[in-house]
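Asks: The opening residue of the sequence shown carries number 1 in my numbering; numbering runs sequentially from there.
Glycine included, every Cβ here is placed at the ideal spot set by N, Cα and C.
This structure is a prediction, so every number in the text was calculated from the model and none was measured.
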Amino acid sequence: MALKIRLNRGGAKKRPIYRIVVAESSSPRDGRFIEKLGSYNPMLPKDSPQRLTFNVERVKYWLSVGALPTDRLARFFGAQDLVPKRVAPTNPVKSLPKKKAQERAKAAAGEPADAAPASA
């Protein structure tokens with residue numbers, strides 16, 4: 001039985017409110033859950049204390065039992081130092097510009113391009 005800490009949607013059309021719940025990973029998003037831990041109201045301003053409320057002790061318990069938070073809740077819990085903050089992996093090869101952009105940068109700097117095609 002894999003457990004998830006996730007958001008359960010409620011509210012009206014275009015006016016969402018979410019409950020933070022512990023549920024089995026196979027159960028539907030708005031279906032059966034084991035325990036309600038708190039709520040999240042994205043319609044409130046970011047500095048409002050009622051925007052995100054949850055029971056810290058119960059969240060710590062469920063994390064210790066092995067429940068995994070979803071990405072959004074991991075960000076919320078990371079801000080409260082309940083889980084380690086996730087760092088996006090960086091790939092040095094992907095961060096380099098493409099070949100044409102590198103050639104343009106060299107040309108702008110006054111350096112000759114490596115393999116410039118000869119015009120006939």
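Go to A23, then tell me how far its alpha helix (DSSP H) extends in each direction, as first and last residue.
Replies: Run containing A23: none in the alpha helix (DSSP H); it sits in the beta strand (DSSP E), 15-24.
Asks: Give the single residue among L3, R32, R51, F33 whose Cα lies nearest to the Cα of I17.
Replies: Out of L3, R32, R51, F33, R51 has the C-alpha closest to the C-alpha of I17.
Asks: Just grab the DSSP bridge partners of L52 for me.
Replies: DSSP output for L52 lists Y40 as bridge partner(s).
Asks: Note down the Cα distance separating L68 from R32, rounded to an integer number of angstroms.
Replies: 17 Å
Asks: Quick one: measure Cβ to Cβ for L63 and R6, integer angstroms, because I've assumed they're closer than 8 Å.
Replies: Their Cβ separation, rounded to whole angstroms, is 13 Å, which puts L63 and R6 out of contact at 8 Å.
Asks: Helix, strand or coil for L68, going by three-state DSSP, please let me know.
Replies: In the structure shown, L68 sits in a strand (DSSP, three-state: E or B).
Asks: Flag this pair as yes or no: are the beta carbons of V22 and E35 separated by less than 8 Å?
Replies: yes
Asks: Who are the Cβ neighbours of R29 in its own chain at under 6 Å, not counting the five residues just before and after it?
Replies: none
Asks: How should L96 be labelled, buried or exposed, when 16 other C-beta atoms within 10 angstroms of its C-beta is the threshold for buried?
Replies: exposed
Asks: Give the single residue among K98, F76, Y61 whose Cα lies nearest to the Cα of P42.
Replies: F76
Asks: Nearest by alpha-carbon distance to D81: which of K60, G38, A108, K106 is it?
Replies: The candidate whose alpha carbon is nearest that of D81 is K60.
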